[in-house]
Each structure stands twice: as structure tokens, then as C-alpha cells.
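Everything below concerns the one structure shown next.
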Amino acid sequence: MRLLLAEDEKALSKALTTILERNNYSVDAVFDGQEALEYLEVDNYDCVILDIMMPKVDGITVLKEIRKKGSLIPVLMLTAKSEVDDKVLGLDAGANDYLTILSRMEESRRETVTVDFPFSDMVEETVNTFQVLAKTQKKTLVSEITPMISICGEEKALNRLVTILLDNALKYSEDGGQILVRLEKEKKRIRLSVYNTTEFISREHLEHLFDRFYRTDSSRNSQTGGYGLGLSIASATVEAHRGKITASTEDEKSLMITVTLPAV
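Each residue of the sequence shown is one higher than the one before, counting from 432 in the working numbering.
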């Protein structure tokens, strides 16, 4: 499969290109929106991956130009964790889906700093942020958050974790689906669970959900047929915080991702 990747941060572009090529994709990388449009004029691709913020021409404008010409090529938008409005804009402009790139390369190089902070407040704020996207997709997002739970960890990484789990639940729930986020504390463990209904999830796929670029049977999944980078990043974050992450399903029409972490 041939991909066009438009990402202006060269270090991040190189990392994404390496990951994609290791998974047998052929990648042409460009670094601004104008260059992306020029490549699309002269060559054929199976999919386009667009960063939202790029010099010369931004990703949303590139997407609109693609759709204006009648092209049905699949387009994935790259967004940061807080850019929910950009996700809505991208979907409205004709994006097929979005990839949440939550950690820029300069962040990954910095020294990890762990602090005590109110985890309950973080989870609640993240749920509130995703309510906009849930309503746009006509899905129900409910939370049961025990107040005043604190945790010791890397705040940005754990924020990223919660965002990934909510992003995954919204992305792979069916039209009119339901999502439930629950946070509770039991003795010396904190348990965060994110439940979502879905059209189909086979039990045999569960152990692979945290593999990088793992793809489910696309004929059983009306969305993208895959779980991308998100859950693999979530798994690495949980492991770095000495926790455990699991996936389960009761009826193969729902998915529960459960994270347990050490309490303060």
C-alpha cells in the first residue's frame, strides 16, 4: 500500500515513516500542505495522512481540496490530544478518520518528571472535552468518577493515556453507541476502565489489541479495521507507571479496557 505522509515536524515524520515502512507500507513524506497537493497531482496513493497544522497550506485546506476534486481517497488526519475541535473539523471536511499523535518528538526526549496530582480531576476534564465529539457522533458518553483520587506519575503521559482510551472508545463504537468511563480506588490500586459498545470484536483479537498497527478483520469493523498506534502507546505508558492494562468482552459486541495503577 502506498501512503502520502504530510507532517512538517521532520523528526516526527521520520519516526512515523520508519514505523509504517516496517509494517510493509510504502511512504512518500512531504513537509507542507502545498507540497502534498503537488504530489497528489502527479501520483496515485492508496491513503493520505495529513497533519492539521502545516506551513503554506494547512491540513484541513488540503483535505477540502482533495474532496472538491471528487477524490474518494482515504484521508487520515493527525491531531494532538487537545485538538478535539480539529477532529470535528476534519470529519466534517471529509476525513475518513484521525490518528491522535499525542507526544511530539521533543517531549519524548525530555527527562521524565513524576508528581502527585488529582487524577480524578484529570479524568473528569478529559471526559468533558470528549463530550463535544460524542454528541457530534450521536453517541452517549457517561462517567462514574470517584472524587479526590490522587496519583503519582508523569502528568502529561497519564493525560495522554486517558485521551487514548476515550479516543479509542469513540472511534470504534457503533452509530448511537454507548461509552462508560469509570474511575475507582481499591486499597493500594487505582482502576480506570473504559467500556464501549461496538458492532463486533472477536475474543481472539483481544490479546493483540495493544500490538502496534494491529488490524482486525475489516469486514467485521465498519470503521477502519485496525487499532493503530493508540493502544500500543497506552500499553507502554501503563507499563512505565508499573501498572497493568487488559482488554475484555462479554458478548463480542462490547469492549472493556481496564487499567490498574499504583495508588499514592
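Using N, Cα and C, we set each Cβ at its ideal position, and we do this for glycine too.
(request) Classify residue 575 as helix, strand or coil using the three-state DSSP reduction. (result) Numbered from 1 along the sequence shown, position 144 holds the residue referred to as residue 575. Residue 575: strand per DSSP, three-state reduction.
(message) So the candidates are 475, 464, 450, 478; which of them puts its Cα closest to the Cα of residue 484?
(response) To locate residue 484, count along the sequence shown from 1; it is residue 53. That would be 464, whose Cα lies nearest to the Cα of residue 484.
(request) Please go through the stretch 446-505 and give each complete alpha helix (DSSP H) segment of 4 or more residues, from N-terminal end onward. (result) 464-473, 490-499
(request) Could you round the C-beta distance between residue 504 and residue 436 to whole angstroms and report it? I think they count as a contact, below 8 angstroms. (result) Taking the first residue of the sequence shown as 1, we reach residue 504 at position 73. Taking the first residue of the sequence shown as 1, we reach residue 436 at position 5. No, residue 504 and residue 436 are not in contact; Cβ-Cβ is about 14 angstroms, not under 8 angstroms.
(request) Could you give the DSSP three-state label for residue 550: helix, strand or coil? (result) Your numbering for residue 550 matches position 119 in the sequence shown. Reduced to three states, the DSSP call for residue 550 is helix.
(message) Check this for me: beta carbons of residue 691 and residue 620, under 9 angstroms apart or not?
(response) Residue mapping note: residue 691 aligns to position 260 of the sequence shown, counting from 1. Residue mapping note: residue 620 aligns to position 189 of the sequence shown, counting from 1. Yes, Cβ-Cβ distance for residue 691 and residue 620 is below 9 angstroms.
(message) Going by DSSP in three states, residue 609 sits in which element: helix, strand or coil?
(response) Residue numbering aside, residue 609 sits at position 178 when the sequence shown is read from its first letter. Strand, per DSSP.
(message) Let me check understanding here. Comparing Cα to Cα, which of 445, 680, 602, 497 lies closest to residue 661?
(response) Walking along the sequence shown from the start, residue 661 turns up at place 230. Ranking the options by Cα distance to residue 661, first place goes to 602.
(message) By the DSSP assignment, the beta strand (DSSP E) with residue 663 in it spans what residues?
(response) In the sequence shown, counting from the first residue as 1, residue 663 sits at position 232. Residue 663 -> not in any beta strand (DSSP E); alpha helix (DSSP H) instead, spanning 661-671.
(request) Can you give me the Cβ contacts of residue 470 inside the same chain, cut-off strictly under 7 angstroms, excluding the 5 residues immediately before and after it? (result) Here residue 470 refers to the residue found at position 39 when the sequence shown is read from its first residue. So the list reads 435, 459, 461, once near-sequence residues are dropped.
(request) Would you mind reading off the limits of the beta strand (DSSP E) that contains residue 695? (result) As a first step, residue 695 must be located in the sequence shown, where it is residue number 264. Neither: residue 695 is in no beta strand (DSSP E) and is coded neither H nor E.
(request) Pull up the distance between the alpha-carbon of residue 600 and that of residue 677, whole angstroms please. (result) Residue 600 sits at position 169 when you count from the first residue of the sequence shown. Residue 677 sits at position 246 when you count from the first residue of the sequence shown. The straight-line gap from Cα to Cα measures roughly 14 angstroms.
(request) Just mark residue 466 as buried or exposed, buried being the case when its beta carbon has 16 or more other beta carbons within 10 Å. (result) The residue labelled residue 466 in the question sits at position 35 within the sequence shown. Result: buried.
(request) Below 7 angstroms CB to CB, which residues in the same chain sit around residue 489 once its five sequence neighbours on both sides are set aside? (result) Locating residue 489 in the sequence shown gives position 58, counting from the first residue. Closer than 7 angstroms at the Cβ level, and outside the excluded window around residue 489, lie 464, 483.
(message) Taking a contact to mean a Cβ-Cβ separation below 9 angstroms, would you say residue 687 touches residue 624 in this structure?
(response) Indexing the sequence shown from 1 puts residue 687 at position 256. Indexing the sequence shown from 1 puts residue 624 at position 193. Taking 9 angstroms as the Cβ cut-off, residue 687 and residue 624 qualify as a contacting pair.
(message) Tell me the residue span of the alpha helix (DSSP H) that contains residue 580.
(response) For this step, residue 580 is matched to residue 149 along the sequence shown. No alpha helix (DSSP H) holds residue 580; DSSP gives it neither H nor E.
(request) Using the Cα positions of residue 556 and residue 695, report the straight-line distance between them to the nearest angstrom. (result) Here residue 556 refers to the residue found at position 125 when the sequence shown is read from its first residue. Here residue 695 refers to the residue found at position 264 when the sequence shown is read from its first residue. Roughly 20 angstroms between the two C-alpha positions.
(request) Output yes or no for whether 9 angstroms exceeds the beta carbon distance between residue 610 and residue 573. (result) The residue given as residue 610 occupies position 179 in the sequence shown. The residue given as residue 573 occupies position 142 in the sequence shown. Yes, they are a contact pair.
(request) Closer than 7 angstroms by C-beta to residue 607: which residues in its own chain qualify, once you throw out the five before and the five after it? Chain order, please. (result) Taking the first residue of the sequence shown as position 1, residue 607 is located at position 176. For residue 607, where only same-chain residues beyond five positions count, the Cβ hits under 7 angstroms are 569, 570.
(request) Give every residue of the same chain whose Cβ lies closer than 6 angstroms to the Cβ of residue 558, excluding the five residues on either side of it in the sequence, and list them in chain order. (result) Position 127 of the sequence shown holds residue 558. Once the five neighbours on either side are set aside, the close Cβ partners of residue 558 are 574, 612.
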